[in-house]
Amino acid sequence: MANIKTWKVVSLLFLLLNFLINTLNAEEVRLHNAVSIGKESHGEVSLLIYEWQDFEHLGAYDEKSGEIVYVCDQLAVSHKLCSSSEIGQFITNLPSDQKNSSSILTSTFTMTGNQTEMALYKVENTGYYCVALVPARSDNGTWFEAWVEWKFPYGELPAVDYPKLLLYGIFACIYLAVGIFWFIQSYRNWDDILPVQHFLSAAIFYLIVEMAFNFGFWEAYNQTGKTSYGLLALVALLNAGRTSMSFFMLLIVCMGYSVVKPSLGPMMKKCIILACTHFFFGVIYTLGTMLLSPETAGLLILLVIFPLSITMTIFYVWTLNSITGTIHDLELRKQHVKVVMYKRLYRLLLFSVLAVIAIFILNMFAFSGRMAIDWAANNWKYRWVMLDGMLNVLYFIVFFIIVILWRPTSNNARYGLMQISQDEEEALDLEERLRRVEDQESQQGGNSNPGGLGGTRANHRGIEDESAIFELGGELTDEEEDDHQQITKNVELSDLTSKKNTGSGYHHPKGGKGGEQSALLHVDQDDEDDDGYDDDHLDDSENARLTKNARKQT
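According to mature numbering (1 follows the signal peptide of the UniProt record, and there is no 0), the residues represented by the sequence shown are -26 to -1, 1 to 528, in order.
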């Protein structure tokens, strides 16, 4: 059931992301582009606005010079590349049936000073739009200054960053829903909460705050059109803290902290040092991805990514080695429930490693062609997926599965430090030790109660306690444990008791075999107490009297 719920949530998440992408690509999104030319400009200027897909329709090839000519002048007219009415404009080679539907706008401004020229372009379709301003003539008498302003319907964010606003808003709501579920479960099972679950509670709260601040940063940017450096620094710290905290918690859990070992000793300091180092490089990485542009960063982007990749690799290698050793240790101790849980965690770690490698390879191929002239035009819609989307989705999938595996339930003790071995021989040894303790209590109870009733009740209490201990070792699901924990586990315990009693030649006075009587231990215990046939609790005088009568009959 947990796996089905997990994949339902993951599928819902991908549907939300798909809806986000389709929303951003919708035709209803409209914006305006305004080009303003300053008052001090003078001369003649050629203006071109177009969507990148129409770039191939710009310019004309001059066979005499062997070059592409983009602006119509007298030389181009003489070479029959354009007409005299188009002098000063950009040359286009559109088919006649596409001239009215094309995104290309070309115009010429003649500026004499003390006047402001403006061109307004209405964007009808989503795309990568370009603006070009060049002197219309080759002489040096043209000088101009211009401003290009994009008016988006949603605010001031660049189109390449706008999906991040929705991404972090959606994740903030998702983590809030996970947090509500987690804290309700924690409240219902507060007495059984493990230390590692307290860490997960803190991590969920931290993620809600971090996603809210990420959303706040991009919303402030969208409202003002300027980057708030205070929020930028805070977001960088929170983002680096999230990854460092997550790797640190995963590492100490895989080492067995609070599940196998109560303390890690000096190893804990090494884990903290590695987490702090990863935090430092994480801050640099976050600032770099927010401030640097992939088109202009060059090799500097490697200095941002490379140190973080080293610490991440150390974390993964150390974590995988630790969980392998912990699984081996638990298998030797016959603690099968914990082994199953750690094996699931191991498979989850392998999945995350393969996913990170796949994301790295995809990004490497995607950014390898960043120097191409059409790279930005072809990748601007999905750049947020490469830099923010895939990593955040992967983190959520891994974290959510961990939350499902470690969710607070009434059976939390199966992952606690006090879980005993599930090996039958060790269980029989434990039963023998418990019976010796019960015999001592029985003798003490017999001195205070001649009928031996107190000893019988102590024995009955001990058996119930023993059954409760063995309930910790079940490998059933939570629902099965709730339905069968009072039936199946008691029968298993009674079978173990019957094997031991049969091996020692022990028989009950009722005439049945010890194994058959032991199988009904929890059903007929009170009847045996009332009838007085349990010779484990007869005092010395009664034993002597029964032995004497038996000899006389013989």
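Even for Gly, the Cβ is constructed at its ideal location relative to N, Cα and C.
Worksheet entry | Where the beta strand (DSSP E) through Ala346 begins and ends | That residue, Ala346, is in no beta strand (DSSP E); it is neither H nor E in DSSP.
Fill in: Distance, Asp348 Cα to residue 534 Cα
Missing from the structure shown is residue 534; the chain here goes from -26 to 528 and no further.
Worksheet entry | Local Cβ density within 10 Å of Glu184, reported as buried at 16 or more and exposed below that | buried
Discussion item. On the CB-based measure, 16 or more other CB atoms within 10 Å of its CB, does Cys56 come out buried or exposed?
Written reply: buried
Worksheet item: Does DSSP classify Leu107 as helix, strand or coil?
Response: strand
Practice prompt. Report, in whole angstroms, the separation of the C-beta atoms of Leu141 and Asp362, which I expect to be a contact under 8 Å.
Written response: 6 Å
Item to complete: Can you grab the Cα-Cα spacing for the pair Leu319 / Gly129, in whole Å?
Response: 43 Å
Worksheet item: CA-CA distance, Gly230 and Pro169?
Response: 12 Å
Worksheet item: Does the segment 250 to 267 come close enough to the segment 233 to 240 to have 3 or more Cβ pairs within less than 8 Å?
Response: no
Worksheet entry | Contact set for Leu32: own chain, Cβ-Cβ below 8 Å, skip 5 residues either direction | Leu22, Tyr24, Tyr44, Phe64, Ile65, Thr66, Asn67, Ile78
Worksheet item: According to DSSP, which residues form a beta bridge with Ala34?
Response: Val43
Practice prompt. Return helix, strand or coil for Thr82, following the three-state DSSP convention.
Written response: strand
Fill in: Span of the alpha helix (DSSP H), counted from its first residue to its last, around Leu160
The question names Leu, yet the displayed sequence has Ser at residue 160. Residues 136 to 162.
Worksheet item: Start and end of the alpha helix (DSSP H) containing Ser218?
Response: 203 to 228
Worksheet item: Per DSSP, what kind of secondary structure is Lys96 in: helix, strand or coil?
Response: strand
Discussion item. Restricting to Cα atoms, I'd like to know which of Thr298, Leu225, Lys317, Ile333 is closest to Ile288.
Written reply: Leu225
Worksheet item: Under three-state DSSP, which class holds Ser77?
Response: coil
Discussion item. Can you tell me whether Ala133 is helix, strand or coil according to DSSP?
Written reply: coil
Discussion item. Tell me the residue span of the beta strand (DSSP E) that contains Val19.
Written reply: 17 to 25
Discussion item. Suppose you measure from the CA of Val(-17) to the CA of Leu324; what does that come to, to the nearest Å?
Written reply: Because Val(-17) carries a pLDDT of 40, less than 50, the predicted location of this residue cannot be relied on, and no value is offered for it.
Worksheet entry | Under 7 Å between C-beta atoms of Met223 and Phe189 | no
Practice prompt. Sort Ala133, Ala106, Pro127, Ala110 by Cα distance to Trp121 and report the nearest one.
Written response: Ala106
Worksheet item: Below 8 Å, can you find three or more Cβ-Cβ pairs linking the segment 280 to 296 to the segment 307 to 318?
Response: no
Practice prompt. With Lys244 as the anchor, note down where its beta strand (DSSP E) starts and where it stops.
Written response: Not the beta strand (DSSP E): Lys244 falls in the alpha helix (DSSP H), residues 241 to 265.
Worksheet item: Using the rule of at least 16 other Cβ atoms within 10 Å of the residue's Cβ for burial, across every protein chain shown, is Cys228 buried or exposed?
Response: buried
Worksheet item: What is the C-beta distance between Thr380 and Gln197, in whole angstroms, given that I count them as a contact (C-beta under 8 Å)?
Response: A quick correction: the sequence has Trp, not Thr, at residue 380. Their Cβ separation, rounded to whole angstroms, is 39 Å, which puts Trp380 and Gln197 out of contact at 8 Å.
Fill in: Span of the alpha helix (DSSP H) around Glu184
169 to 198
Worksheet item: In the structure shown, what three-state DSSP assignment does Tyr320 receive?
Response: helix
Discussion item. Quick check on Tyr369: does DSSP put it in helix, strand or coil?
Written reply: helix
Discussion item. Am I right that Ser218 and Ala176 are in contact with their C-beta atoms under 8 Å? What's the rounded C-beta distance?
Written reply: Wrong, their Cβ atoms sit about 13 Å apart, outside the cutoff.
Item to complete: Please say whether Ala207 and Thr260 have beta carbons closer to each other than 7 Å?
Response: no
Fill in: N- and C-terminal bounds of the beta strand (DSSP E) containing residue 530
No statement about residue 530 is possible, as the shown extent of the chain runs from -26 to 528 and does not include it.
Discussion item. Spatial neighbours of Leu212 within its chain, please: C-beta separation below 6 Å, excluding the five flanking residues on both sides.
Written reply: Glu184, Phe187
Worksheet item: Do the CB positions of Val51 and Ser58 come within less than 7 Å of each other?
Response: yes
Worksheet item: The alpha helix (DSSP H) with Val51 in it runs from where to where?
Response: 48 to 52
Worksheet item: So, helix, strand or coil for Trp380, using DSSP?
Response: coil
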